[in-house]
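Residue numbers (my numbering), protein chains in the order written: chain A, 1 to 110; chain B, 1001 to 1121.
Printed below as a string of structure tokens:
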């Protein structure tokens, strides 16, 4: 089965908050990441959280980690058209490899 | 600071042909990765180099894929012969020396290039 799972699509109105969810399976994960991929571009690291933290905030981005449920979320406040992209959740697993989810395509409605 | 450079950006070949991709990492980055990203999927690690040595190639299909980083700087990834299922974006990423970062408990950040989009017909 998949090590990292996330929903494939999310539509949000401009100005609203976007919440992208992710679940992972490796309880020994050390770091969890959110990457952003815009069309025709490589992946850009947005933020990461160490596994002993439960929250991290960075400007419009808030990451929540529920280690017990192995659930990670990314909240983007005041979503803008420039936030339209694919967002990848990833974990650094016990083998020190980064495992990516399939990505959530965020679509911004006017 | 210049980012990770990759070329070509696009390549179309017929099955059974050969193809090579090139990556120039960020200056000073000892660790280099090649990922394969199939449409609709997340990136999957193919091979990891530390300077000019291979650290992990467990997911590289070695019957047809090869990669080298002879001088520990830029790297090439080759597919010979290509199959239809090799159609994907091939991403190169680099980071500072992982061992250095790990010893100092510093989070490693991988910087990705724009990728090479391969279509095998």
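Built from N, CA and C at the ideal position, the CB exists for glycine as well. Model, not experiment: these values are computed from the prediction.
List, from N- to C-terminal side, the beta strand (DSSP E) runs of 3 residues or more that fit wholly inside the stretch 1012–1079 of chain B. Listed in chain order, they are 1019–1024, 1031–1037, 1044–1050, 1053–1056, 1065–1068, 1075–1079.
With C-beta atoms as the reference, is residue 67 of chain A less than 8 Å away from residue 25 of chain A? Inclusion of residue 67 of chain A and residue 25 of chain A in the CB contact set at 8 Å is not warranted, their separation being larger than that value.
What residues in its chain sit with their C-beta under 7 Å from that of residue 13 of chain A, if we drop five residues either side in the sequence? Excluding its 5 nearest sequence neighbours in each direction, residue 13 of chain A has C-beta neighbours in its own chain below 7 Å: 109, listed in chain order.
Please list the terminal residues of the continuous beta strand (DSSP E) segment that includes residue 1101 of chain B. Unbroken run through residue 1101 of chain B is the alpha helix (DSSP H), 1098–1103; no beta strand (DSSP E).
Could you have a look at residue 1086 of chain B and say whether DSSP puts it in helix, strand or coil? In the three-state reduction of the DSSP assignment, residue 1086 of chain B falls in the helix class.
Checking 8 Å against the spacing of the C-beta atoms, do residue 43 of chain A and residue 34 of chain A come in under that value? No.
Under the rule that 16 or more other beta-carbon atoms within 10 Å means buried, what is residue 20 of chain A, buried or exposed? With a 10 Å radius around the Cβ and a threshold of 16 neighbouring Cβ atoms, residue 20 of chain A comes out buried.
Could you tell me which chain A residues have their CB closer than 8 Å to the CB of residue 955 of chain B, listed as they occur along the chain? There is no way to answer for residue 955 of chain B, as the model of chain B reaches only from 1001 to 1121.
Range covered by the beta strand (DSSP E) that runs through residue 12 of chain A: Residue 12 of chain A -> beta strand (DSSP E) spans 9–13.
In angstroms with no decimal places, state the Cα-to-Cα distance between residue 3 of chain A and residue 1055 of chain B. Taking the straight line joining both Cα atoms gives about 22 Å.
Near residue 1080 of chain B, which residues of its chain fall below 7 Å by C-beta distance, leaving aside the five closest residues on each side in sequence? For residue 1080 of chain B, where only same-chain residues beyond five positions count, the Cβ hits under 7 Å are 1018, 1064.
Check whether the stretch 1007–1024 of chain B and the stretch 52–59 of chain A are in contact - that is, three or more C-beta pairs closer than 8 Å. As far as the Cβ criterion goes, the stretch 1007–1024 of chain B does not touch the stretch 52–59 of chain A, which means the pair count is below three.
Would you kindly report the start and end of the unbroken beta strand (DSSP E) that includes residue 1006 of chain B? Taken as a continuous stretch (DSSP letters only), the beta strand (DSSP E) holding residue 1006 of chain B covers 1005–1007.
Enumerate in chain order the residues of its own chain whose CB-to-CB distance from residue 102 of chain A is below 7 Å, with the five nearest sequence positions on each side excluded. Excluding sequence positions up to five before and after residue 102 of chain A, its CB lies within less than 7 Å of the CB of 6, 8, all in the same chain and listed in chain order.
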